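Oh and the sequence shown: position 27 is 27 in the UniProt record's numbering, straight run, nothing missing. Notes follow the structure.
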Amino acid sequence: MTAFQSVQTALVRLDGPPEPAAVGIGVHGPAGHVDEFQLPDMWQFHLYHYEADLTVGGVEHRIRPGHVSLVPPGTPVRYLYRGRSEHLYVHLRLGAQGAAREVATVQRAGVQAAVLDGQLRQALSAWPHTPGRAAAEVWAALWNVAELAPLRDGKAQVLPPAVAAAVALIEARLAEPLTVPDIAKAAGVSHNHLTRLFRTATGETVVGYIRTRRMERAGHLLRASTLSISRVAAAVGIPDLQAFNKACRRELGACPRTVRAARRGTPVNRPAVRIDQ
């Protein structure tokens, strides 16, 4: 069964690069067990390596090693430490353009914690001598945070391990033949069990998810690249051009040539495609 929990969220726009004002390692606790403050004009981005109680805008959170927080400007925070406490932090500004994404203010990074740690340490090593490199590392880390736990109706969706493993395998092997039994075997569960778990967690079948992701990638490659249509078809695991043409018409609302023409300013009417990641 999918695990859901109510979460505090913020709207984040990541279409443009962030502007870091400070990147560093914060060490707290020895000089006092409570910190209360806010950054009036900047976001606070923290990756934690300790246990503490954190209150964000009046909402209490229990943080653990591997938790990450992204706090909007002007939001008061209160930390209650349990001794020496060290975290990586970035104080930054975000642009106001582009689509807004709803992101949990505090969440567990899970297996991505090591990736985020590496990205933020790379940003730290680049700061302040090469601020562009630091901003690029922070931007990549922010996108990772934004995609940690998809939100559904204001709640964070935590994928069961088998479903997360299946999704990762599908994303890595979209260009290859994929069958549900093979995916289930790689995820360590039975075919039927994965089918039930996947529908509960994502609202769609494994086959439906594969089809949606393949055509989403195909649409991107047709519009954004100069790859031939046959190469695009092979890149998304549908090398048969007749089958690819039918799939484009069904999922994207037009044949591949028409979809490609849309990049030149000719819109293509197509049905909405929902993707749960």
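For glycine and all other residues, C-beta sits at the position ideal for the given N, C-alpha and C. None of these values were measured; they are calculated from a predicted model.
Worksheet entry | Minimum C-alpha distance to Thr75 - residue among Glu36, Ala243, Asn192, Arg214 | Cα-wise, what sits closest to Thr75 is Glu36.
Item to complete: Run the CB neighbour count on Asp153, radius 10 Å, all protein chains shown included, and call it buried at 16 or more, exposed below.
Response: Note that Asp153 has pLDDT 47, beneath the 50 cutoff, so the model's placement of it is unreliable and the number below is only indicative. Exposed.
Worksheet item: How many whole angstroms separate the CB atoms of Cys248 and Ala218, which I take to be in contact at a CB cut-off of 8 Å?
Response: 7 Å
Worksheet entry | Rounded separation between Ala187 and Ala172 - CA only | 14 Å
Item to complete: To the nearest angstrom, report how far apart Gly208 and Met215 are at their CA atoms.
Response: 11 Å
Practice prompt. Examine the Cβ distances between the region 76-91 and the region 22-34 and report whether three or more of them are shorter than 8 Å.
Written response: yes
Worksheet entry | Classification of His127 by the beta-carbon crowding that lies within 10 angstroms, buried from 16 upward | In the sequence as displayed, the identity of residue 127 is Trp instead of His. That one is buried.
Item to complete: Check each candidate in Val68, Ile170, Ala52 and name the one with the smallest Cα separation from residue 278.
Response: Given that the chain is displayed from residue 1 to residue 277, the structure contains no residue 278 and the question cannot be resolved.
Item to complete: Starting from the N-terminal side, write out each stretch of the beta strand (DSSP E) that is 3 residues or longer and does not extend beyond the region 60-139.
Response: 67-71, 77-81, 85-93, 100-104, 106-108
Discussion item. Rounded to whole angstroms, what is the Cα-Cα separation between Gly237 and Leu222?
Written reply: 14 Å
Worksheet entry | From Gln242, Ile170, Arg257, residue whose alpha carbon lies closest to that of Arg211 | Ile170
Worksheet item: What whole-angstrom Cβ distance do Ala109 and Gly66 have, given they're in contact under 8 Å?
Response: 5 Å
Worksheet entry | Buried versus exposed, by CB contacts within 10 Å (16 or more), Gly265 | Any reading at Gly265 is ruled out, since the residue's pLDDT is 49, under 50, leaving its predicted position unreliable.
Discussion item. According to DSSP, simplified to helix, strand and coil, what is Thr258?
Written reply: helix
Fill in: Distance between Leu47 and Ser69 (C-alpha atoms, nearest Å)
When rounded, the distance between both Cα atoms is 7 Å.
Fill in: Limits of the unbroken beta strand (DSSP E) element including Glu19
19-28
Fill in: Beta-carbon proximity of Val56 to Val71, cut-off 8 Å
yes
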